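These notes concern the structure reproduced below.
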């Protein structure tokens with residue numbers, strides 16, 4: 001199949017870079033404070049699309065590889081809440097974005113994924129290229145990660161008991177006689193009536 005699930009709330013072309021940073025940090029047990037620089041060797045097409053550093057409007061940040069990596073370093077992930085206006089203007093974000101540097105590689109094809117090198121404050125260097133970003137058919141997202149994304153997004157609207165009730169109903173959909181319970185849950189009072197912080 002060709003269906004992908006996006007684990008990050010950003011442009012798909014930014015995902016492999018965020019994934020590479022995740023892999024390097026996990027494999028080498030690095031904390032954000034350990035990182036001196038994130039060097040990204042990237043093709044001209046993807047750099048033109050995702051090499052920007054704008055924080056506003058929200059879609060500009062979602063198109064930014066530097067922002068996605070900064071969100072990973074500052075907030076632990078590039079989920080939807082990392083892209084709220086409040087979080088985009090967290091002073092730590094700009095500092096983390098400044099750690100990201102690009103090298104445009106004209107030998108790469110438009111569809112080539114970037115090569116990411118993390119340089120640590122103690123002089124170590126780790127390189128990763130993620131050919132199939134997380135969520136691609138060749139690299140499926142785990143059920144646990146998918147549920148985490150669901151809880152993150154639904155939790156912005158509903159209290160946790162409603163979020164869990166909807167999940168439980170849908171995970172056992174074949175056992176349900178009708179949709180009335182989930183329709184009622186979806187009609188629950190939201191946590192807030194204000195618009196998403198874009």
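Residue numbers (full-length UniProt numbering): 1 to 198. Heads up, the beta-carbon is just placed ideally off N, CA and C, and yes, glycines get one too. Since the structure is predicted, the reported quantities are computational estimates derived from the model, not experimental observations.
Open item on the list: Less than 8 angstroms between the C-beta atoms of residue 117 and residue 34, yes or no?
Closed with: Between residue 117 and residue 34, the CB-CB gap reaches or exceeds 8 angstroms.
Task: Residue range of the beta strand (DSSP E) that includes residue 194 - done: The continuous stretches of beta strand (DSSP E) do not include residue 194, and DSSP gives it neither H nor E.
Open item on the list: Buried or exposed for residue 179, going by 16 or more other Cβ atoms inside 10 Å?
Closed with: The residue is exposed, with fewer than 16 neighbouring Cβ atoms inside 10 Å.
- [ ] Please confirm if the segment 78-93 is in contact with the segment 130-146, defined as three or more CB-CB distances below 8 angstroms between the two stretches.
- [x] No, the segment 78-93 does not touch the segment 130-146.
Task: Span of the beta strand (DSSP E), counted from its first residue to its last, around residue 102 - done: First-last of the beta strand (DSSP E) with residue 102: 100-104.
Open item on the list: With a threshold of 8 angstroms, are at least 3 pairs of Cβ atoms found where one atom belongs to the segment 38-48 and the other to the segment 105-117?
Closed with: At 8 angstroms Cβ cutoff, the stretches touch.
Open item on the list: Judging by CA-CA distance, which residue of 58, 187, 135 is the nearest neighbour of residue 158?
Closed with: The closest CA to that of residue 158, considering only 58, 187, 135, is found on 187.
Task: residue 56, buried or exposed, once every other Cβ within 10 Å from all chains shown has been counted against 16 - done: Residue 56 is exposed by the Cβ-count criterion.
Task: N- and C-terminal bounds of the beta strand (DSSP E) containing residue 41 - done: Here the beta strand (DSSP E) through residue 41 covers 35-42.
Open item on the list: Tell me which residue opens and which closes the beta strand (DSSP E) that residue 126 is part of.
Closed with: Per DSSP, residue 126 belongs to the beta strand (DSSP E) from 125-128.
- [ ] Please confirm whether residue 49 and residue 13 have their CB atoms less than 8 angstroms apart.
- [x] Going by beta carbons, residue 49 and residue 13 fall inside the 8 angstroms limit.
TODO: Verify whether the separation of the beta carbon atoms of residue 128 and residue 24 is less than 8 angstroms.
DONE: Yes, these two residues count as a Cβ contact at 8 angstroms.
Open item on the list: Under DSSP, the beta strand (DSSP E) around residue 119 begins and ends at which residues?
Closed with: Taken as a continuous stretch (DSSP letters only), the beta strand (DSSP E) holding residue 119 covers 115-120.
TODO: Indicate whether residue 96 and residue 74 have their beta-carbon atoms separated by less than 8 angstroms.
DONE: Closer than 8 angstroms, so yes.
TODO: Report all residues from its chain with a CB closer than 7 angstroms to the CB of residue 145; omit the five preceding and five following residues, and keep chain order.
DONE: The answer, listed in chain order, is 7.
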